[in-house]
Amino acid sequence: MSTSQTGTSQLEMLSNLAKDARDQAGQVLAKERQTEQQTQAQLQALHRYRAEYSERLQTAMRQGIDPASMYNYQQFLASLDAALTRAQQALVEQQNRVEKSQAQWRQEQRKLSSYDTLASRRLLEAQRRSARQEQKINDDLVTSRMARQQSETPQ
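Following full-length UniProt numbering, the numbering of the sequence shown begins with 1 at its first residue and continues without gaps.
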């Protein structure tokens, strides 16, 4: 195998590895985005539940509520607020993981693109070499034909 073919097969192997790494990073990114959507949905559900429970408290207060029930409502709302804070924090952390995964995917894509660019350059150079070689062969044929014609022509 020539050095050119060895370099091409090594480049092809590196390109395949880079493609696999990019694809794997894409799968991780997709999972992180899915988790982000689920976390966002949970946060929205908690917000809705807190709003509903707060409305129940308002209704109960309009109708008259005993101090023990009022305390229970307030404690439960406080626990919902704490859950909302944790859920918001979890969402921010998940968004950070998504950003990190996106950056990793972009890095892998850049690596793959650089290998593809290098492979394209090598292919173009091989085509140029082949065209030059073909032109040289044609030139040599023309030169030898002209030399034969000149040697066959009486002077």
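For each residue, glycine too, the CB sits at the ideal point set by N, CA and C.
CB residue i to CB residue j, shorter than 9 angstroms?
i, j, result
"ALA119", "SER9", "no"
"ALA83", "SER69", "no"
"GLN94", "THR35", "yes"
Once DSSP output is grouped into helix, strand and coil, what is the label at residue i?
i, result
"ASP140", "helix"
"ASP66", "coil"
"MET1", "Its pLDDT being 49, under 50, MET1 is placed unreliably by the model, and the measurement read from it follows with that caveat. In this structure, MET1 counts as coil in the three-state DSSP scheme."
"THR153", "coil"
Please report how far the alpha carbon of residue i lies from the alpha carbon of residue j, in whole angstroms.
i, j, result
"LEU141", "GLN133", "12 angstroms"
"ARG22", "ASN72", "52 angstroms"
"SER24", "THR39", "In the sequence on display, residue 24 carries Gln and not Ser. Distance between the alpha carbons of GLN24 and THR39: 23 angstroms."
"ALA78", "SER54", "11 angstroms"
"ARG86", "ARG121", "52 angstroms"
"GLN107", "VAL28", "14 angstroms"
"PHE76", "SER113", "54 angstroms"
"GLN109", "GLU12", "15 angstroms"
"ARG148", "ILE137", "16 angstroms"
Pop quiz: residue i and residue j are said to be a contact at Cβ under 8 angstroms. What is the actual Cβ separation, rounded to whole angstroms?
i, j, result
"VAL98", "GLU32", "5 angstroms"
"ALA18", "LYS100", "About 19 angstroms separates the two Cβ atoms, so there is no contact after all."
"LEU80", "LEU57", "With 8 angstroms as the limit, LEU80 and LEU57 do not qualify as a contact, their Cβ atoms being about 11 angstroms apart."
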